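Number of protein chains: 4
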Amino acid sequence: MGKPNARERILEAAGKLFHQQGYSNVGINEIIKQAETAKASFYQHFESKEALCEVWLKTIHDLSEDRRRSIINAPLTPAEKLGKYIDALSCYLMESDFRGCPYSNTCAMVESEGVMEQIKSHKAALRNFFKAIVEQEFGEAEGTGALADQIFLTYSGAVTEAQNLRELWPVESARSAILTLFSAFGDR
Amino acid sequence: MGKPNARERILEAAGKLFHQQGYSNVGINEIIKQAETAKASFYQHFESKEALCEVWLKTIHDLSEDRRRSIINAPLTPAEKLGKYIDALSCYLMESDFRGCPYSNTCAMVESEGVMEQIKSHKAALRNFFKAIVEQEFGEAEGTGALADQIFLTYSGAVTEAQNLRELWPVESARSAILTLFSAFGDR
Amino acid sequence: MGKPNARERILEAAGKLFHQQGYSNVGINEIIKQAETAKASFYQHFESKEALCEVWLKTIHDLSEDRRRSIINAPLTPAEKLGKYIDALSCYLMESDFRGCPYSNTCAMVESEGVMEQIKSHKAALRNFFKAIVEQEFGEAEGTGALADQIFLTYSGAVTEAQNLRELWPVESARSAILTLFSAFGDR
Amino acid sequence: MGKPNARERILEAAGKLFHQQGYSNVGINEIIKQAETAKASFYQHFESKEALCEVWLKTIHDLSEDRRRSIINAPLTPAEKLGKYIDALSCYLMESDFRGCPYSNTCAMVESEGVMEQIKSHKAALRNFFKAIVEQEFGEAEGTGALADQIFLTYSGAVTEAQNLRELWPVESARSAILTLFSAFGDR
DNA sequence: TATGAATGAGTGTTCATTCAT
DNA sequence: CATGAATGAACACTCATTCAT
Numbered sequence: 125m126g127k128p129n130a131r132e133r134i135l136e137a138a139g140k141l142f143h144q145q146g147y148s149n150v151g152i153n154e155i156i157k158q159a160e161t162a163k164a165s166f167y168q169h170f171e172s173k174e175a176l177c178e179v180w181l182k183t184i185h186d187l188s189e190d191r192r193r194s195i196i197n198a199p200l201t202p203a204e205k206l207g208k209y210i211d212a213l214s215c216y217l218m219e220s221d222f223r224g225c226p227y228s229n230t231c232a233m234v235e236s237e238g239v240m241e242q243i244k245s246h247k248a249a250l251r252n253f254f255k256a257i258v259e260q261e262f263g264e265a266e267g268t269g270a271l272a273d274q275i276f277l278t279y280s281g282a283v284t285e286a287q288n289l290r291e292l293w294p295v296e297s298a299r300s301a302i303l304t305l306f307s308a309f310g311d312r
Numbered sequence: 125m126g127k128p129n130a131r132e133r134i135l136e137a138a139g140k141l142f143h144q145q146g147y148s149n150v151g152i153n154e155i156i157k158q159a160e161t162a163k164a165s166f167y168q169h170f171e172s173k174e175a176l177c178e179v180w181l182k183t184i185h186d187l188s189e190d191r192r193r194s195i196i197n198a199p200l201t202p203a204e205k206l207g208k209y210i211d212a213l214s215c216y217l218m219e220s221d222f223r224g225c226p227y228s229n230t231c232a233m234v235e236s237e238g239v240m241e242q243i244k245s246h247k248a249a250l251r252n253f254f255k256a257i258v259e260q261e262f263g264e265a266e267g268t269g270a271l272a273d274q275i276f277l278t279y280s281g282a283v284t285e286a287q288n289l290r291e292l293w294p295v296e297s298a299r300s301a302i303l304t305l306f307s308a309f310g311d312r
Numbered sequence: 125m126g127k128p129n130a131r132e133r134i135l136e137a138a139g140k141l142f143h144q145q146g147y148s149n150v151g152i153n154e155i156i157k158q159a160e161t162a163k164a165s166f167y168q169h170f171e172s173k174e175a176l177c178e179v180w181l182k183t184i185h186d187l188s189e190d191r192r193r194s195i196i197n198a199p200l201t202p203a204e205k206l207g208k209y210i211d212a213l214s215c216y217l218m219e220s221d222f223r224g225c226p227y228s229n230t231c232a233m234v235e236s237e238g239v240m241e242q243i244k245s246h247k248a249a250l251r252n253f254f255k256a257i258v259e260q261e262f263g264e265a266e267g268t269g270a271l272a273d274q275i276f277l278t279y280s281g282a283v284t285e286a287q288n289l290r291e292l293w294p295v296e297s298a299r300s301a302i303l304t305l306f307s308a309f310g311d312r
Numbered sequence: 125m126g127k128p129n130a131r132e133r134i135l136e137a138a139g140k141l142f143h144q145q146g147y148s149n150v151g152i153n154e155i156i157k158q159a160e161t162a163k164a165s166f167y168q169h170f171e172s173k174e175a176l177c178e179v180w181l182k183t184i185h186d187l188s189e190d191r192r193r194s195i196i197n198a199p200l201t202p203a204e205k206l207g208k209y210i211d212a213l214s215c216y217l218m219e220s221d222f223r224g225c226p227y228s229n230t231c232a233m234v235e236s237e238g239v240m241e242q243i244k245s246h247k248a249a250l251r252n253f254f255k256a257i258v259e260q261e262f263g264e265a266e267g268t269g270a271l272a273d274q275i276f277l278t279y280s281g282a283v284t285e286a287q288n289l290r291e292l293w294p295v296e297s298a299r300s301a302i303l304t305l306f307s308a309f310g311d312r
């Protein structure tokens, strides 16, 4: 208490809790307890629980963008890049106890404008990531955006269903599907 | 109040509310108000809010099974059946204000054993539905289950991302992807 | 359900529960569940929870009177009779998990006229029991009533404190005190 | 509302209510109404109703210890000290509308570990008080502890039965018994 | 910047009792 | 004689937020 970085500690604690239990199932009290902060300090740093949620989503988005950027720039073939991203999903699901996509999960619970914007911009970035990989293979040919979106959806389905079923096979199933779509696009 | 069929009214009200707002954001008070029942009447018919949730999921599962059965038995080609199911998704999303999959949404908020079972058995049924269609095309050849699961994931991704983005394109994108996977399987 | 003797079953179930948990901590639902009766059947046989409580106290009073009568009539010296009654207390406390005196316990929770009457008449009977024993030793001499009451109080204290402490020593301590009082009365 | 010292007011209100009506018959609502506090303020200061009960018992224990200490240190003979303590009981019972011993009454309704500890430690203190008086008369002779316990039980019985019967005679009866035991011990 | 106390409105659940059949 | 469904009021407890210091 009284330590500096209260904002950081709140953000970290809230992030863990929101992710593990879901926005609606986490109370301010739980957050500040874990962050070892006073309640009023919370409202000094964040306008509301919802505002905190936005900041959280923004924060993890930035982190995940870094990871995607490094994959994009890695000396790998496009297919290998897809494979690497899917590998990372496996790890993530196991580490996070199959809690799935923070954006989709939050979307199921929160209606607020600001939160929805974070969700949309994250999803747009993800689609762009897949589009960039596809274009590394096929150039800016027609249909690359559509292919990227198909990959995006399959990937998303894997995240969702791995969470629903608490199983890992959806990731591998999605890997196959994505590679099939990838190849089929080349064979047009 | 004092009318009969309280159970039905509760179930109907809860169904709408759970779907629209999400389990955690719906209170018993709101449910009984909409159902025009006393609170104690609620607990005469349902052991707990969670128990009601289970009954709700079971109920809509049974209804959706009927719809899938009638598609399976319709005089259509397998590809047409997939198309019809995807058409229905479009309608559903528009009617439900893009609230997505009740099972996935609930899974994001509830940890209970009983609820998870409902989710798992619904998802299993959906995979079986796709498997049945795939087998109508390809017989019981090796890999039909894997193909069905890929379709399942892509379909699931469309539902999730249509909800996230409040847009309909994921459905059409998934339709293309699913047909591509379907064809590619035949071309092996 | 639907079996005969519903009244008996309710009375038995309520007795156990009232004794073990205390009147205020037992709900009608728990009683009828244990008695395997419908709720409306309960109110067919008993006007209210409080009325049931009265009947229960009356019932166990009658049973305990039988036990005291048999001690009074047994071929023992007065001192032995006291000893026997105190022996029985030890057994009772161990069997009942040290739940103490149902009358005193109920008195701590219920204010009703009817219940208080049961309590008072039970306590009067107990005082009479001790008085009868004392008179068997000392005749109807002056002060026998006062002695009986002193024994009564010491006995009561043992019951209360054995419950408070979940220990058995108060019974033995009371035994000594009672015998001391008994002897001292003779030595006047 | 909004006044300071909510904790004190809650504790005072709860003390009165618990004593008069018994723990189980007092609701949080009644307490906060009497204390003129918001419900959430209650839980700012006390973890639970049970926790409040513990604090209450601790508080009145400390007060009663003060009274006993002042008797112990008063310039009186041991017998006079016993008499004074018994006098105080008379007053207490009349003032409290014969509600008896808060510890025994609470013990009849609450099973919690923490509460039972308070009860046990209070009873231990009371036994020590009687032991101290006995030792002031007889020194640390053998059997002083046993005598103190006999006095303790008789005293306890008077409290219990005065409550049961709403009468004052048990106090005077116990006074006689206690003095008899006290004298008889000297005559051994 | 940091804090603990305070709050109104809400949570899910249980109470003893009644009523129509 | 028996019953399941219905109820208003109460239960203990938590919510996100504000305020005085």
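Residue numbers (this note's numbering), protein chains in the order written: chain A, 125 to 312; chain B, 125 to 312; chain C, 125 to 312; chain D, 125 to 312.
A virtual CB, placed ideally from N, CA and C, is assigned to each residue, including glycine.
Just so you know, these numbers come straight off a predicted model, no measurement behind them.
Counting along the chain, no alpha helix (DSSP H) covers B:LEU200, and no H or E run does either. Between A:LEU271 and A:PHE222, the CB-CB gap reaches or exceeds 7 angstroms. CA-to-CA, the gap between D:ILE134 and A:LEU217 works out to about 48 angstroms. Of all residues in the stretch 299 to 310 of chain D, those with a C-beta nearer than 7 angstroms to a C-beta of chain C are SER300, ALA301, THR304, LEU305, ALA308, reading in chain order.
In the three-state reduction of the DSSP assignment, B:GLU132 falls in the helix class, which pools H, G and I. Using a CB distance cut-off of 7 angstroms, C:SER148 counts as an interface residue toward chain D. Taking CB atoms only, B:ALA162 has no neighbour in chain A less than 7 angstroms away. Fewer than three Cβ pairs drawn from the stretch 165 to 172 of chain A and the stretch 188 to 207 of chain A lie within less than 8 angstroms of each other, which leaves the two stretches out of contact. Not one beta carbon of chain D lies nearer than 7 angstroms to the beta carbon of C:GLY207. DSSP places B:LEU292 in no alpha helix (DSSP H); its state is neither H nor E. CA-to-CA, the gap between A:GLN287 and B:MET240 works out to about 11 angstroms. In its chain, beyond the 5 residues on either side, PRO202 have a beta carbon closer than 7 angstroms to the beta carbon of D:GLU261. For D:MET233, the closest Cβ of chain C is nearer than 7 angstroms. When the Cα atoms are used, A:GLY151 and D:ASN229 turn out to be separated by approximately 37 angstroms. For B:ASN288, the nearest beta carbon of chain A is closer than 7 angstroms to its own beta carbon. Chain A has no Cβ within less than 7 angstroms of the Cβ of B:GLU189. By a beta-carbon distance limit of 8 angstroms, D:ALA159 contacts D:ALA137. Their separation comes to about 4 angstroms.
Sequence-distant Cβ neighbours of B:GLU285 in its own chain, meaning closer than 7 angstroms and more than five residues away, are PRO294. In the structure shown, A:THR304 adopts helical secondary structure according to DSSP, grouped into three states. The continuous stretches of alpha helix (DSSP H) do not include C:ARG312, and DSSP gives it neither H nor E.
Among the CB atoms of chain B, one or more fall inside 7 angstroms of the CB of A:ILE243. For D:CYS215, the three-state secondary structure derived from DSSP is helix. Between the stretch 244 to 255 of chain B and the stretch 239 to 259 of chain A, the count of Cβ pairs shorter than 8 angstroms is below three; the stretches do not touch. Flagged as an interface residue toward chain D: C:PRO294, by a C-beta distance shorter than 7 angstroms. Within chain D, the residues TRP293, PRO294, SER297 have their CB atoms less than 8 angstroms from the CB of C:ASP273, given in chain order. For C:VAL179, the enclosing alpha helix (DSSP H) covers residues 173 to 196. The beta-carbon of D:THR268 is placed no less than 7 angstroms from the nearest beta-carbon of chain C. At least 7 angstroms separates the CB of D:ASN153 from every CB of chain C. Distance from the CA atom of C:GLU291 to the CA atom of C:ALA175, rounded to whole angstroms, is 33 angstroms. In the three-state reduction of the DSSP assignment, A:THR268 falls in the helix class.
Residues of chain C whose Cβ lies closer than 8 angstroms to the Cβ of D:ALA282 are, in chain order, LEU277, GLY281. The Cβ atoms of B:ALA301 and B:THR278 lie closer than 7 angstroms to each other.
Listed by position along chain C, the residues whose Cβ is nearer than 7 angstroms to that of D:ASN252 form an empty set, because the closest Cβ is around 14 angstroms away.
Secondary structure at D:GLU285: helix, using DSSP grouped into helix, strand and coil.
DSSP places B:ASP221 in the coil class of the three-state scheme, outside both helix and strand. The Cβ atoms of D:CYS231 and D:ILE243 sit closer than 7 angstroms to each other.
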